[in-house]
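Structure first, commentary second.
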Amino acid sequence: MTAVLQNTQTPSVRGESGRAVPLGRLTLVELRKLADTRAGLWLLIVIGFATVGTSAILLGWAPDNELTFGEFFAFGLLPSSVLLPVLGILSMTAEWSQRTALTTFTLVPARERVIGAKLIAGVLIAAASTAATIVLAAAANLLGRALGGDGGWSVSGSLIWQGLLLQVIFVLMGLAFGALLMSSPVAIVAYFALPIVWSILGETIRALRTAAGWLDINVTTAPLSEPDMTGGEYARLGVTAAVWVLLPLALGVWRMLRREVS
Amino acid sequence: MITVERLTKKYGGHPAVDNVSFTCEPGTVTGFLGPNGAGKSTTMRMICGLTPPTAGSATVGGTPYRRLGNPGRHVGVLLDASAQHAGRTGREVLALAALTMGVDKREVPGALDRVGLNATAGKRRVRAYSLGMRQRLGLALALLGDPAVLILDEPANGLDPEGIYWMRGLLRDFADRGGTVLLSSHLLREVEAVADRLVVIGAGKVVAQGDKAELLAQSGTLVRAADPAALAMVLDRAGLTGTKTTDGGVVVPTGSEVIGRAAADAGLVLLELRPAGSGGLEQMFLTLTAGDSVKEAVR
Numbered sequence: 043m044t045a046v047l048q049n050t051q052t053p054s055v056r057g058e059s060g061r062a063v064p065l066g067r068l069t070l071v072e073l074r075k076l077a078d079t080r081a082g083l084w085l086l087i088v089i090g091f092a093t094v095g096t097s098a099i100l101l102g103w104a105p106d107n108e109l110t111f112g113e114f115f116a117f118g119l120l121p122s123s124v125l126l127p128v129l130g131i132l133s134m135t136a137e138w139s140q141r142t143a144l145t146t147f148t149l150v151p152a153r154e155r156v157i158g159a160k161l162i163a164g165v166l167i168a169a170a171s172t173a174a175t176i177v178l179a180a181a182a183n184l185l186g187r188a189l190g191g192d193g194g195w196s197v198s199g200s201l202i203w204q205g206l207l208l209q210v211i212f213v214l215m216g217l218a219f220g221a222l223l224m225s226s227p228v229a230i231v232a233y234f235a236l237p238i239v240w241s242i243l244g245e246t247i248r249a250l251r252t253a254a255g256w257l258d259i260n261v262t263t264a265p266l267s268e269p270d271m272t273g274g275e276y277a278r279l280g281v282t283a284a285v286w287v288l289l290p291l292a293l294g295v296w297r298m299l300r301r302e303v304s
Numbered sequence: 005m006i007t008v009e010r011l012t013k014k015y016g017g018h019p020a021v022d023n024v025s026f027t028c029e030p031g032t033v034t035g036f037l038g039p040n041g042a043g044k045s046t047t048m049r050m051i052c053g054l055t056p057p058t059a060g061s062a063t064v065g066g067t068p069y070r071r072l073g074n075p076g077r078h079v080g081v082l083l084d085a086s087a088q089h090a091g092r093t094g095r096e097v098l099a100l101a102a103l104t105m106g107v108d109k110r111e112v113p114g115a116l117d118r119v120g121l122n123a124t125a126g127k128r129r130v131r132a133y134s135l136g137m138r139q140r141l142g143l144a145l146a147l148l149g150d151p152a153v154l155i156l157d158e159p160a161n162g163l164d165p166e167g168i169y170w171m172r173g174l175l176r177d178f179a180d181r182g183g184t185v186l187l188s189s190h191l192l193r194e195v196e197a198v199a200d201r202l203v204v205i206g207a208g209k210v211v212a213q214g215d216k217a218e219l220l221a222q223s224g225t226l227v228r229a230a231d232p233a234a235l236a237m238v239l240d241r242a243g244l245t246g247t248k249t250t251d252g253g254v255v256v257p258t259g260s261e262v263i264g265r266a267a268a269d270a271g272l273v274l275l276e277l278r279p280a281g282s283g284g285l286e287q288m289f290l291t292l293t294a295g296d297s298v299k300e301a302v303r
């Protein structure tokens, strides 16, 4: 046996370099990108303040018997369910409007992994905001009790996880619209306007009423705020989510994988 | 090591890059020259897997870019210094890249320092950066993964003369340590000082490539006569076609002796007769590509 001297002609390439970037690390990167720009950071700050604001409104103006943990939690979800999707939209569109896709896809040519990391990051931030809302609602409830409110803690477990589901659906819908439309203003307007337009059409045109019961996301997500959703309600929600989340997401991923980066 | 083989990119039938082949060896700086819209950036994007080629292939270190597991550790890429989120700080841009590549975050301040950006500049948002600072940030990003290959698209844009001088030193040093550099520019003089090899591209096609010294030697002869009209006639009679330079001379693709004899036979007074050098090369790709570049720029 002869000892073979390892060829180290190009010393600059290090050991780890050959392996693909792990998805966990990419997810961390995407989470960080949600908060490291002025737009992202302020969006998160506004969500935080608005959520505190919901508790303040209840404490200040709601009747004492409504000052319960369940009420604080349900109302507290409102700001993040409206604004977190915008963060999701920006996560996708900023790559193109700010042209960071050039760096992102140069460092990670497997674009589907970047998109996957963005989706995971979106789900994680939705879960984190739900958890933060629970903590805030608990604090507000303690304060409410001290101020003479009902202070009840009883809340159906289904409401907590349905609240989480609501957040996740809306954030994923934002990400899907961002991936599909690739432009921040267009995606944000489409995200907010299209469901409203569809609701109006569904209500005014008789022939669309049955379809609206399955496809109007404002209608089918409403049962999420009532305890113990039924199987039928889940079925309707599933169909809506397929149309408003999965369909644009599939088309958006297809576009992002094919689009030329320049 | 970069290998480009018959790369072609067509947009709606129109070839932006047409059958381009060249290689960049370790230890050398290759200048990729051509006017705006000649296809330099498209070629570089195809090398980096950002644009799918219509035909042909490119590899970096023997592997197609898209199959490099963690490309940032092999190849440092700077394609457009302005393509950074305006709302991120310079330090954050590098921190994100470090996190992606698995480079220790503590290397970020050093990376900024290496390109002449101090801590204050690192804390500022990219929106407030001048183009020169963005180029420096882009270069820091390209060097962050300690790569063996650098691919830089017009990195001298926006740099001041001192910055250009500094960058040349940095690239020369990188190549001297065994690295491979591909560097594009639309100004010959910008890369002439640092490149070992040149690839000249015009209207999507390679019009000249090879060793810099060789290319400059065979780029023709500059001749200037007291009577330009007579010179034109003499050249015409000798069957030579020259191209006029901006300062009244004529670059002729032949040796000085041929022209000198022709002039002597005609009794023509010459004011200047010398190898055209870089001026000739520049003249060559200007004439080869004039007209097309304007059309491409507005495509």
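Top to bottom, those sequences are chains H and F. If you read the first sequence in our numbering, its first letter stands for residue 43, the second for the next number, and so on. If you read the second sequence in our numbering, its first letter stands for residue 5, the second for the next number, and so on. Where a beta carbon is used, it is the ideal one built from N, C-alpha and C, also for glycine. If you're wondering where the values come from, they're calculated on a predicted model, not measured in any experiment.
On a Cα-Cα basis, can you pick out the residue from the options that is closest to residue i?
{"i": "Asn107/H", "options": "Arg301/H, Gly191/H, Ser123/H, Leu279/H", "result": "Gly191/H"}
{"i": "Gly121/H", "options": "Phe91/H, Val303/H, Thr142/H, Thr135/H", "result": "This sequence places Pro at residue 121/H; Gly is not what is there. Pro121/H has its Cα closest to that of Phe91/H, out of Phe91/H, Val303/H, Thr142/H, Thr135/H."}
{"i": "Trp138/H", "options": "Leu83/H, Phe114/H, Val228/H, Ala116/H", "result": "Val228/H"}
{"i": "Thr145/H", "options": "Thr124/F, Ile155/F, Val64/F, Ala132/F", "result": "Ile155/F"}
{"i": "Asp117/F", "options": "Ala132/F, Leu148/F, Pro257/F, Lys248/F", "result": "Leu148/F"}
{"i": "Val197/H", "options": "Pro127/H, Ala180/H, Ala188/H", "result": "Ala180/H"}
{"i": "Thr142/H", "options": "His89/F, Ala99/F, Cys28/F, Ala102/F", "result": "His89/F"}
{"i": "Thr282/H", "options": "Ala249/H, Pro237/H, Leu206/H, Leu243/H", "result": "Pro237/H"}
{"i": "Gly220/F", "options": "Arg10/F, Glu261/F, Ala234/F, Val195/F", "result": "Sequence check: residue 220/F is Leu here, not Gly. The shortest C-alpha separation from Leu220/F is found at Val195/F."}
{"i": "Ser225/H", "options": "Val287/H, Ile131/H, Gly158/H", "result": "Ile131/H"}
{"i": "Leu129/H", "options": "Trp203/H, Ala77/H, Leu189/H", "result": "Ala77/H"}
{"i": "Val211/F", "options": "Ser86/F, Tyr15/F, Ala42/F, Thr250/F", "result": "Ala42/F"}
{"i": "Glu113/H", "options": "Leu126/H, Thr96/H, Leu125/H", "result": "Thr96/H"}
{"i": "Gly73/F", "options": "Leu65/H, Leu266/H, Ala104/H", "result": "Leu65/H"}
{"i": "Gly158/H", "options": "Leu119/H, Leu70/H, Val88/H, Thr93/H", "result": "Leu70/H"}
{"i": "Gly259/F", "options": "Leu275/F, Leu226/F, Gly35/F", "result": "Leu226/F"}
{"i": "Ala168/H", "options": "Ile89/H, Ser267/H, Trp286/H", "result": "Ile89/H"}
Give me the Cα-Cα distance between residue i and residue j, rounded to the nearest whole angstrom.
{"i": "Ala284/H", "j": "Gly220/H", "result": "16 Å"}
{"i": "Thr47/F", "j": "Leu293/H", "result": "28 Å"}
{"i": "Ala170/H", "j": "Gly164/H", "result": "10 Å"}
{"i": "Val33/F", "j": "Val64/F", "result": "15 Å"}
{"i": "Arg74/H", "j": "Gly38/F", "result": "39 Å"}
{"i": "Arg1/F", "j": "Ser188/F", "result": "Missing from the structure shown is residue 1/F; chain F here goes from 5 to 303 and no further."}
{"i": "Leu299/H", "j": "Gly274/H", "result": "36 Å"}
{"i": "Val81/F", "j": "Arg297/H", "result": "24 Å"}
{"i": "Gly17/F", "j": "Gly214/F", "result": "29 Å"}
{"i": "Leu206/H", "j": "Thr172/H", "result": "6 Å"}
{"i": "Met50/F", "j": "Ala62/F", "result": "8 Å"}
{"i": "Val295/H", "j": "Glu154/H", "result": "8 Å"}
{"i": "Gly162/F", "j": "Phe117/H", "result": "52 Å"}
{"i": "Arg278/F", "j": "Lys209/F", "result": "29 Å"}
{"i": "Tyr233/H", "j": "Leu257/H", "result": "15 Å"}
{"i": "Ala125/F", "j": "Val79/F", "result": "25 Å"}
{"i": "Ser123/H", "j": "Glu96/F", "result": "28 Å"}
{"i": "Val2/F", "j": "Ala85/F", "result": "Outside the displayed range of chain F (5 to 303) lies residue 2/F, so it cannot be described from this structure."}
{"i": "Ala132/F", "j": "Val303/H", "result": "24 Å"}
{"i": "Asp269/F", "j": "Gly206/F", "result": "37 Å"}
{"i": "Leu85/H", "j": "Leu119/H", "result": "15 Å"}
For residue i, count neighbouring C-beta atoms within 10 Å of its own C-beta (all shown protein chains included) and say buried if the count is 16 or more, exposed if not.
{"i": "Leu135/F", "result": "exposed"}
{"i": "Met237/F", "result": "exposed"}
{"i": "Val107/F", "result": "buried"}
{"i": "Asp157/F", "result": "buried"}
{"i": "Leu289/H", "result": "exposed"}
{"i": "Lys44/F", "result": "buried"}
{"i": "Thr262/H", "result": "buried"}
{"i": "Ala98/H", "result": "exposed"}
{"i": "Arg181/F", "result": "exposed"}
{"i": "Thr110/H", "result": "buried"}
{"i": "Asn183/H", "result": "buried"}
{"i": "Ala188/H", "result": "exposed"}
For residue i and residue j, which I take to be in contact (beta-carbon distance under 8 Å), what is that distance rounded to the nearest angstrom?
{"i": "Asn4/F", "j": "Thr12/F", "result": "Nothing about residue 4/F can be reported from this structure: the residues present for chain F run from 5 to 303 only."}
{"i": "Thr148/H", "j": "Pro75/F", "result": "7 Å"}
{"i": "Leu68/H", "j": "Thr67/F", "result": "About 21 Å separates the two Cβ atoms, so there is no contact after all."}
{"i": "Leu291/H", "j": "Ala218/H", "result": "4 Å"}
{"i": "Ala229/F", "j": "Val273/F", "result": "7 Å"}
{"i": "Glu29/F", "j": "Thr184/F", "result": "7 Å"}
{"i": "Pro151/F", "j": "Arg77/F", "result": "7 Å"}
Where DSSP assigns a beta bridge to residue i, which residues make up the other side?
{"i": "Phe36/F", "result": "Ser188/F, Val203/F"}
{"i": "Pro19/F", "result": "Lys14/F"}
{"i": "Val81/F", "result": "Ile155/F"}
{"i": "Cys28/F", "result": "Ile6/F"}
{"i": "Thr247/F", "result": "Val255/F"}
{"i": "Thr225/F", "result": "Val256/F, Pro279/F"}
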